[in-house]
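Asks: Chains as they are written, first to last, in this note's numbering: chain A, 177 to 455; chain C, 77 to 419.
From the three backbone atoms N, C-alpha and C, an ideal C-beta is built for every residue, glycine too.
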Ligand SMILES: Cc1cc2nc3c(=O)[nH]c(=O)nc-3n(C[C@H](O)[C@H](O)[C@H](O)COP(=O)(O)OP(=O)(O)OC[C@H]3O[C@@H](n4cnc5c(N)ncnc54)[C@H](O)[C@@H]3O)c2cc1C
Ligand code: SF4
Ligand code: SF4
Ligand code: FES
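1. Report the three-state DSSP secondary structure of residue 424(A) (helix, strand or coil).
2. Does residue 301(C) get closer than 8 Å to chain A when you measure Cβ to Cβ?
3. In chain order, which alpha helix (DSSP H) runs of at least 4 residues are fully inside the segment 237-288 of chain C?
4. Express the C-alpha separation of residue 88(C) and residue 240(C) in angstroms, rounding to a whole number.
5. Go ahead and label residue 317(C) buried or exposed: buried means 16 or more other beta carbons lie within 10 angstroms of its beta carbon, across all protein chains shown.
6. Would you list the one or two residues that DSSP bridges to residue 390(C)?
7. Does residue 179(A) get closer than 8 Å to chain C when you measure Cβ to Cβ?
8. Alpha carbon to alpha carbon, how far is residue 282(C) from residue 210(C)?
9. Are the C-beta atoms of residue 394(C) and some chain A residue less than 8 Å apart?
10. Which word fits residue 402(A), buried or exposed, when buried means at least 16 other C-beta atoms lie within 10 angstroms of its C-beta?
11. Cβ closer than 8 Å: which chain A residues qualify as neighbours of residue 179(C)?
12. Please name the residues in the segment 230-253 of chain A whose beta-carbon is closer than 8 Å to at least one beta-carbon of chain C, in chain order.
13. If you follow the beta strand (DSSP E) that residue 284(A) is in, where does it begin and where does it stop?
14. Pairs of beta-carbons, one from the segment 392-402 of chain A and one from the segment 299-314 of chain C, closer than 8 Å: are there three or more?
15. Which term fits residue 179(A), buried or exposed, when burial requires 16 or more other beta carbons within 10 angstroms of its beta carbon?
16. Taking the Cβ atom as the reference point for each residue, do residue 291(A) and residue 320(A) lie within a distance shorter than 8 Å?
17. By alpha-carbon positions, which one of 157(C), 127(C), 115(C) ends up nearest to residue 107(C)?
18. Below 7 Å, is the gap between the Cβ of residue 473(A) and the nearest heavy atom of ligand 4?
19. Provide the residue span of the alpha helix (DSSP H) that contains residue 417(C), from first to last.
20. Please report the straight-line C-alpha distance between residue 254(A) and residue 372(C), rounded to a whole angstrom.
21. Does the segment 277-295 of chain A come within contact of the segment 249-264 of chain A, defined as at least 3 CB pairs closer than 8 Å?
22. What first and last residue would you give for the alpha helix (DSSP H) that runs through residue 174(C)?
23. In its own chain, which residues sit with a C-beta less than 6 Å from the C-beta of residue 184(C), not counting the 5 before and 5 after it?
24. Tell me which same chain residues have a C-beta within less than 8 Å of the C-beta of residue 180(C), skipping the five on either side of it?
25. Taking only three categories from DSSP, how would you classify residue 413(A)?
26. Under a three-way DSSP split, which group does residue 84(C) fall into?
27. Shortest alpha-carbon distance to residue 147(C) belongs to which of 326(C), 365(C), 389(C), 370(C)?
28. Please write down, chain order preserved, every residue whose beta carbon lies under 7 Å from a heavy atom of ligand 2.
29. Could you check what DSSP says for residue 394(A) in three-state terms: helix, strand or coil?
30. Of all the CB atoms in chain C, is at least one closer than 8 Å to the CB of residue 189(A)?
31. Kindly indicate which three-state DSSP category residue 224(A) falls into: helix, strand or coil?
32. When every heavy atom of ligand 6 is checked, does at least one fall within less than 7 Å of the C-beta of residue 186(C)?
33. Can you tell me whether DSSP reads residue 194(A) as helix, strand or coil?
34. Is the Cβ of residue 448(A) closer than 8 Å to any Cβ of chain C?
35. Only counting runs of 4 or more residues, tell me where the alpha helix (DSSP H) segments fall wholly within the segment 136-163 of chain C, in order along the chain.
36. Quick one: what does DSSP say residue 345(C) is sitting in, helix, strand or coil?
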């Protein structure tokens, strides 16, 4: 957490500077930013940060790099609107601001000894990568890690160059699908739920982790529950509007929760009574 | 601490002493309303104490949150840093118990969570609160329904009761005690008769409130509200006359929502915090345009559930003080008591 330089009173609204070391395009509208924050950001997988785009404003994003390597912070971001477009116009060497980390981490201690079934859609693989890297860093603690990822087309797959390396990791099982394939695509074709058709783990005793667009979250959750995953072992990244990230401004209200403080990852058990939790 | 009596004739003397050390605001009566007014020490000396004091009136039109949680203020800048400055020392002279409940809600939100708001904290620390009893609650008051009284017993530095020829002051904190000490021998120990008179006035005020609002709410309001979540007809009926002006939220002493936005000056960012309203259509909209509360009815329900269900469940009391501002300003005449009374 950031300490004020002028006194011991901390200003939680004040970002710290972070330089863009490198950027690379994952897909036509998704880019990974490698940042070097002035101070180490002590995040843990699942937590998010508020990014200040100079000359513009703030938006919440999740680090996609490993929390075991915090000297640099990577973020994989999709261009969807005003803040993200401003971000895409920045270059290597430019400065950004960072506040955080905020929210709760994944409770990795509850994942120990279990099979972990991770399902991502689109840019939703970004936060899941931070989790995946944290898990594989101490892979002996977990029984097996399944990663399932769906994108619109082969061109829309993020981390294309990394996935082949991940496939070689021990206790890791990866499967991909695209909504629409092309000549070179040899994997599954169909909406992301095709990845749930044969779930290779003992669902009742496993945990599932999901992040992706709302419609995908909804159908994947239904599929996972049908497959027997317990509601309190299905971890969902909830996207709500956020302003402060501090649990004060009210914007991220989701039923009884403030997702910035109680989330952003909540279990199905926590959100099941909320009318339309995935909007 | 022991109640002390200040005769009316000595009041301005004491106020003058306070106003020299603090910026002092008091409730002034302007036509039929009460507004916060700044007391100038010089005015007192010249024998002109400004507008008529409204210590015995109900709460002012403006909630006192404006003094602590500013409607608009810069809270950060980038790349240069911004840190809170030492705020001026203030006395709010004549706050009502319902005002204090608002502060209690804000303390939960801004000071007792995972992060402290240093701007709020600094202002609160430099603010002295002198509460004044409400001897004459109005029809719009319903503090009795939210479990409060028309007089303070905690949360202020001094509690003041206006008696026939002076004031009975009960300091609750060391800071309050000090202010009384500043008045020196203008203050006398409160007598039993004075205390009895105060208690009589308080009892009459409570009785008046109970007459205005005789029927207590369902003690399980939070639960009842949850059960009603999907009862569209119920909410539609109550929301029917709302014109979405957000006056209710802007005048509410407990509403805490805010928005951080950036005023961009080239590569610089000035981050400003402004009051926000959960009734606004874009309030919950996310990147790309999806909106979980696109429909107004959902936002209407959300406001009630925030105050009476979620806040109550989490903190043990309603985020509503019974001050009645929301329906006094309401063009659609939506009376929150009616909604709650039907649960
Ligand atoms: C915890 C969390 C983690 C996230 N992690 C990632 C990540 O790792 N990668 C990623 O790509 N994305 C991530 N997102 C999503 C990302 O925050 C949004 O895509 C981003 O905020 C979009 O900003 P924008 O300005 O470009 O979008 P816009 O669509 O332009 O607008 C975004 C904001 O402006 C408001 N807004 C939009 N239109 C209006 C209007 N007409 N009037 C008023 N307000 C309006 C919205 O309410 C929203 O708050 C995450 C979101 C959350 C909550
Ligand atoms: S609601 Fe109660 S405390 Fe507030 S002004 Fe009315 S009587 Fe006084
Ligand atoms: S909801 Fe209405 S009555 Fe309750 S505190 Fe707010 S303005 Fe006052
Ligand atoms: S984003 Fe402000 S309370 Fe969650």
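Replies: If we stick to the structure as given:
1. In the structure shown, residue 424(A) sits in coil (DSSP, three-state: anything other than H, G, I, E or B).
2. no
3. 250-258, 268-288
4. Using only the alpha carbons, I get a separation of about 16 Å.
5. exposed
6. DSSP output for residue 390(C) lists no bridge partner at all.
7. Reliability of the predicted coordinates at residue 179(A) is poor, the pLDDT of 34 falling under 50, and no value is obtained from them.
8. 9 Å
9. Output row for residue 394(C): interface = no.
10. Label assigned to residue 402(A): exposed.
11. The premise fails here: residue 179(C) is roughly 15 Å from chain A at the closest Cβ pair, so nothing lies under 8 Å.
12. 230, 231, 232, 233, 234, 235
13. From DSSP, residue 284(A) is part of no beta strand (DSSP E) but of the alpha helix (DSSP H) over 284-287.
14. no
15. Residue confidence for residue 179(A) is low, a pLDDT of 34 falling below 50, so the modelled location carries little weight and cannot support an answer.
16. Closer than 8 Å, so yes.
17. 127(C)
18. Nothing about residue 473(A) can be read from this structure; chain A reaches only from 177 to 455.
19. 412-417
20. Going by the C-alpha atoms only, they are around 29 Å apart.
21. no
22. 173-186
23. 391
24. Cβ neighbours of residue 180(C) beyond the five flanking positions: 231, 393.
25. strand
26. helix
27. 326(C)
28. 134(C), 135(C), 172(C), 173(C), 174(C), 210(C), 213(C), 214(C), 217(C), 218(C), 219(C), 224(C), 226(C), 281(C), 285(C), 397(C), 398(C), 399(C), 400(C)
29. helix
30. yes
31. strand
32. Here the bound small molecules are ligand 1, ligand 2, ligand 3 and ligand 4; ligand 6 is not part of this structure.
33. strand
34. no
35. 141-144
36. strand
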